[in-house]
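Just below is one structure, and these are the notes that go with it.
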Amino acid sequence: MKMTSNRSGTRMVLRSTSKSPWHVSSSVSLKEESVGQRPTFIQPISSCRVCSGESVRFQARVSGRPKPEIQWFHNQQLMLPKKDLVFHFDESTGTAILIIVDAFLEHAGQYSCKARNSAGETTCTATLTVTAEGKRRGPRNGKENENFALVETEQDFLLYYQVINMKAYFVLYF
Numbered sequence: 001m002k003m004t005s006n007r008s009g010t011r012m013v014l015r016s017t018s019k020s021p022w023h024v025s026s027s028v029s030l031k032e033e034s035v036g037q038r039p040t041f042i043q044p045i046s047s048c049r050v051c052s053g054e055s056v057r058f059q060a061r062v063s064g065r066p067k068p069e070i071q072w073f074h075n076q077q078l079m080l081p082k083k084d085l086v087f088h089f090d091e092s093t094g095t096a097i098l099i100i101v102d103a104f105l106e107h108a109g110q111y112s113c114k115a116r117n118s119a120g121e122t123t124c125t126a127t128l129t130v131t132a133e134g135k136r137r138g139p140r141n142g143k144e145n146e147n148f149a150l151v152e153t154e155q156d157f158l159l160y161y162q163v164i165n166m167k168a169y170f171v172l173y174f
């Protein structure tokens, strides 16, 4: 019996006997499975601050072969889709998106995006801060004033004030 092999992984066994001129051969092909590429975040998620009731969008871009599976975590707890939580993964671009439709104080905390495939896994993390009333600022001189609050949003602002004395009171808006 004689065994031969080559670099491609093919193994051949040749057998002959003195009583028979027949030759029997068989071959077995061995295929090495490709290892693939461990997931890598090209663009990790970023921390953000929103007012209560606003929507939040975490977005990451990930590469890896085979295409990774994506999982989202809030304060290290696995998140599942709900009516106010939307998950999306675009395999063609490797873009993973988490949308919180209406963010409230209970949504604040640490968010993680985990990408996993047969070659490994990786995680990126960001913090979401949810403020109850927006960003408050006092008057321009920087002193606190209980009668004045400026609440800023992305495009508009709200000015809250309390009138203490009605004598000669003027309000100018610019």
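Residue numbers (full-length UniProt numbering): 1 to 174. Glycine is no exception: its CB is placed at the ideal position from the N, C-alpha and C atoms.
Residue environment, residue i, which counts as buried when at least 16 other CB atoms sit within 10 Å
i: V130; result: buried
i: I100; result: buried
i: C112; result: Note on residue identity: the sequence assigns Ser, not Cys, to residue 112. The residue is buried, with at least 16 neighbouring Cβ atoms inside 10 Å.
i: L128; result: buried
i: I45; result: buried
i: F157; result: In this predicted model, F157 has a pLDDT of only 48, less than 50, meaning its place in the structure is not dependable; the value taken from the coordinates is given anyway. F157 is exposed by the Cβ-count criterion.
CB of residue i within 7 Å of CB of residue j, strictly
i: residue 250; j: P39; result: Residue 250 lies beyond the range of the chain shown here (1 to 174); nothing can be said about it.
i: D102; j: G53; result: yes
i: Q110; j: T125; result: yes
Nearest neighbour of residue i, chosen from the options [CA to CA]
i: P68; options: L128, S52, G36 and M79; result: G36
i: K82; options: Q76, W72, E91 and Q110; result: W72
i: E91; options: I70, G109 and E106; result: I70
i: A132; options: N75, G120 and L105; result: L105
N-terminal and C-terminal residue of the beta strand (DSSP E) that residue i is part of
i: A96; result: T95 to I100
i: S63; result: V56 to R65
*Counting Cβ pairs closer than 8 Å, one from the region 52-72 and one from the region 83-98, do we hit at least three?*
yes
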